[in-house]
Amino acid sequence: MAERVNTNVTYIRPARGWININLRDLWLYRELVYFLTWRDIKVRYKQAVLGIGWAIFQPVLSMVIFTVIFNRFLGVKPDAGIPNEFYPIFGFAALLPWQFFQGALQRASISLVTNANLLTKVYFPRLIIPLSAVAAGLVDFFFSFIVLAAMMIYFGVPFTSRLLWLPLFLLLALLAALAVGLWLSALNVQYRDVQHMVPFLLTAWMYASPVVYSAEVITVSPFWQAVYALNPMVGVIQGFRWALFGTNPPGLSMLVSAGVVLVLFVSGLFYFRRMERIFADMI
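Our numbering puts the sequence shown at residues 47 to 329.
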């Protein structure tokens, strides 16, 4: 008796064109996002003496350096209405989202190359790789935020309802890191110079963001404030400081920064999907 042979064959072909983003696959592979994120966290702190303590040590040490060099020696002041002795927490409020963004972008930019073994052996949505690299930084952010809460108690900064806006500003920082990370990770597959360029890019980006100084120094005109806010981290950092200290609301800056992130994110998705079909060959 002849056996019936199952002739159903699934063909996996690379996506073509600029339209097919297909974000539905991210939900279908949501468990893989979790496992890759958890793997990145474990690998980063494996056999490290301080372990997760590095998530606290790095921003605290940066805060001390910035306070001594920029506040004490160079006379950089916090926003108007904030006492000068509050500069440590003023700087830490900016370092918290900045270091999350910096670490997430660094990991995302090299994520495809460091996961070459996965790209060439098994099918899954490639977007998961930079996404998990960015999401892994949320653990560091959580532990650093505990330090920020302790500093608020020490300096007597009240906990107000404005703090409820912090998840929104954190989401904007995450999307900014993912948006730029999509571009850089795809470019890094073709041009390995990208991974050498990223540290210099982030150093320049930090000083172009109001991390060590107040965004109030850019008060020439609303036009230049809008130009300055083209840096998406301007809106994020101003939002964090507003949530803590009740400084001027980051209305214009937030709108401009959010618009830039949206453009970078959508264009990055299209570019990433466009280049996705050559990743396995080029890597």
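Here a beta-carbon is modelled for each residue, glycine too, at the ideal position from N, C-alpha and C. This structure is a prediction, so every number in the text was calculated from the model and none was measured.
Own chain, CB closer than 6 Å to residue i, minus 5 neighbours either side, in chain order
i	result
F318	L228, A232
F311	L221, A225
M47	Low confidence applies here, because M47 scores a pLDDT of 47, under 50, leaving its location unreliable and the question unanswered by this model.
M321	A232
Q241	I156, N234
Presumed contact (8 Å Cβ cut-off) between residue i and residue j, rounded CB distance
i	j	result
A78	I156	Ala is not the amino acid found at residue 78; the sequence shown has Leu there. That belief does not hold up - the Cβ atoms of L78 and I156 are roughly 19 Å apart, past 8 Å.
P134	T113	5 Å
V235	P278	Between P278 and V235 the Cβ distance is about 24 Å, and since that is not below 8 Å, they are no contact.
M109	G127	M109 to G127, Cβ: 21 Å. No contact.
A154	P176	4 Å
Y75	P143	Actually they are not in contact, since the Cβ atoms of Y75 and P143 sit about 28 Å apart, beyond 8 Å.
C-beta contact flag for residue i and residue j at 8 Å
i	j	result
P105	L141	yes
V280	A261	yes
P124	F116	no
A150	A195	no
S190	D86	no
A139	L276	no
F205	M197	no
V122	Y259	yes
I329	L120	no
F325	L165	yes
A101	D186	yes
V302	A272	yes
Own chain, CB closer than 7 Å to residue i, minus 5 neighbours either side, in chain order
i	result
I192	none
M300	G281, G285
Neighbourhood of residue i by C-beta distance below 8 Å, restricted to the same chain and skipping five residues each side
i	result
L230	L151, A154, S155, V240, V244
ask   = Between the segment 210-218 and the segment 281-291, do at least 3 Cβ pairs fall closer than 8 Å?
value = yes
Can you confirm whether the segment 199-213 touches the segment 245-259 when touching is taken to mean that 3 or more C-beta pairs between the two stretches lie within less than 8 Å? no
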